[in-house]
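According to our numbering, the stretch in the sequence shown is residues 18 to 369, in order.
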Amino acid sequence: MVQIVGNRSDFVENGSKMRIWLGAWLGFGIWLGARLGFEIWLEARLGAAQIWRACGSLVFFLGRVGYSAEISDGECGPPRAPIDLIFAPLSSLHNAVYSADGTEVLSPIVLSNATPYKTFLELVPNNTLPDDFTRALKYSDYSSATTKINLAVDKLPQFQCCKLNHPDAGPQHVGTIHIGSESMEEIDLACQDAVNGVPSRRPVIEMTIPSVLDKTISPPGKHVINLFVQYTPYKPSDGSWGDSAYRESFAQKCFSLIEEYAPGFSSSIIGYDMLTPPDLEREIGLTGGNIFHGAMGLDSLFLMRPVKGWSSYRTPLQGLYLCGSGTHPGGGVMGAPGRNAAHVVLQDVEKP
Ligand SMILES: Cc1cc2nc3c(=O)[nH]c(=O)nc-3n(C[C@H](O)[C@H](O)[C@H](O)COP(=O)(O)OP(=O)(O)OC[C@H]3O[C@@H](n4cnc5c(N)ncnc54)[C@H](O)[C@@H]3O)c2cc1C
Numbered sequence: 018m019v020q021i022v023g024n025r026s027d028f029v030e031n032g033s034k035m036r037i038w039l040g041a042w043l044g045f046g047i048w049l050g051a052r053l054g055f056e057i058w059l060e061a062r063l064g065a066a067q068i069w070r071a072c073g074s075l076v077f078f079l080g081r082v083g084y085s086a087e088i089s090d091g092e093c094g095p096p097r098a099p100i101d102l103i104f105a106p107l108s109s110l111h112n113a114v115y116s117a118d119g120t121e122v123l124s125p126i127v128l129s130n131a132t133p134y135k136t137f138l139e140l141v142p143n144n145t146l147p148d149d150f151t152r153a154l155k156y157s158d159y160s161s162a163t164t165k166i167n168l169a170v171d172k173l174p175q176f177q178c179c180k181l182n183h184p185d186a187g188p189q190h191v192g193t194i195h196i197g198s199e200s201m202e203e204i205d206l207a208c209q210d211a212v213n214g215v216p217s218r219r220p221v222i223e224m225t226i227p228s229v230l231d232k233t234i235s236p237p238g239k240h241v242i243n244l245f246v247q248y249t250p251y252k253p254s255d256g257s258w259g260d261s262a263y264r265e266s267f268a269q270k271c272f273s274l275i276e277e278y279a280p281g282f283s284s285s286i287i288g289y290d291m292l293t294p295p296d297l298e299r300e301i302g303l304t305g306g307n308i309f310h311g312a313m314g315l316d317s318l319f320l321m322r323p324v325k326g327w328s329s330y331r332t333p334l335q336g337l338y339l340c341g342s343g344t345h346p347g348g349g350v351m352g353a354p355g356r357n358a359a360h361v362v363l364q365d366v367e368k369p
């Protein structure tokens, strides 16, 4: 029996099948190792894992490029309101995209970076797709157990391991700060809680403090703290994320854990906002709250992403392409799915 980590396909008994899986995992491991190695090198060179205004500035500059493209070519550019419906094909030449504000945009090419599930099971009329494609999407794994907590605090955490008690930012506040998860057993227990349907009793917390690097996002003396928290089931069996007392108790559990490492943390909190998996789904359109637009198990990568037979960014609807993390090579702030999709679109457009 082979346990495949990060993937619930628990065992593969057939010998040759097993070799293929292990071979693929080895290849994936080499790729992952190379990527990790590069990240460690980068971190060693830069001395910090955070980049000033990181994702925010990327989005800002991409937005500027998008809008200048729209100005120079009236038909190109992002719609300004949420999309309600993609109807394709309206004719052999045009697809139609309808925004919630009633705007209709006609275009021969439509690219969607909403999740494949959202694109096809929520935005496209359901009688326009082949049954096997719809079925495969319906049963794709969008499970997730990630929660984001954004906090405003009136002083920086004082980590007792640093034996400092100084209000100013030091190197310990820069980069990603890991709270708890001091052993594999502890991480495993946190994960097992979620597998059993309840939020981790001792969650795995990654903390970043972007205001240490970017002074423009908080008033002087105050700070912004982001917590990336695992593991929180989408539908807990012992309560509901819709219940404010249940939410508050989980948030307090996270703050108490941080308090163990940085006494005084709880009393420094001015306010916080918590995004559980259902909140990530509702507010950012992440199906199941999955931050990568679908599980990144081996059975949903490469030629199986988003579903077997449709990994080329093309879709069963002519002119409608996928370009987000739900396509190969998956989630992460890297732009690779978009770059690949753009090449496929260019190939199709340039076909005689
Ligand atoms: C809390 C969190 C932490 C993360 N941490 C990391 C990390 O440390 N490193 C890393 O590499 N990646 C991280 N990721 C993942 C990374 O953010 C994603 O992989 C990446 O943003 C995916 O880009 P995308 O363009 O494919 O999709 P998205 O960034 O999800 O963009 C999809 C867009 O479509 C929009 N949309 C959905 N439905 C509609 C509609 N009907 N009409 C109009 N617009 C719609 C959404 O609002 C969204 O803006 C994290 C994600 C989250 C949520």
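Heads up, the beta-carbon is just placed ideally off N, CA and C, and yes, glycines get one too.
- Short of 8 Å from the beta carbon of residue 190, and not among the five residues preceding or following it, lie these beta carbons of its own chain, in chain order: 173, 174, 226 and 229.
- Membership of residue 243 in any alpha helix (DSSP H) is not indicated; the residue belongs instead to the beta strand (DSSP E) covering 240 to 247.
- Contact between the segment 156 to 163 and the segment 118 to 134 is present: three or more C-beta pairs spanning the two stretches fall below 8 Å.
- With respect to residue 248, residue 211 sits close: the two C-beta atoms are nearer than 7 Å.
- By the Cβ criterion, the segment 276 to 292 is not in contact with the segment 311 to 326, since fewer than three pairs of Cβ atoms, one from each stretch, lie closer than 8 Å.
- With a cutoff of 6 Å, residue 359 does not count as near ligand 1, since its C-beta is closer than that to no heavy atom of the ligand.
- DSSP, read as helix, strand or coil, puts residue 226 in coil.
- Here the C-alpha atom of residue 214 lies approximately 37 Å from the C-alpha atom of residue 357.
- Distances from the CB of residue 308 to the heavy atoms of ligand 1 include at least one below 6 Å.
- For residue 131, the shortest separation between its Cβ and any heavy atom of ligand 1 lies below 6 Å.
- Spanning the alpha carbons of residue 339 and residue 245 requires a straight line of approximately 27 Å.
- Rounded to the nearest whole angstrom, the C-alpha separation of residue 144 and residue 291 is 37 Å.
- Taking the Cα positions, residue 79 is about 15 Å away from residue 354.
- At least one heavy atom of ligand 1 is found less than 6 Å from the C-beta of residue 342.
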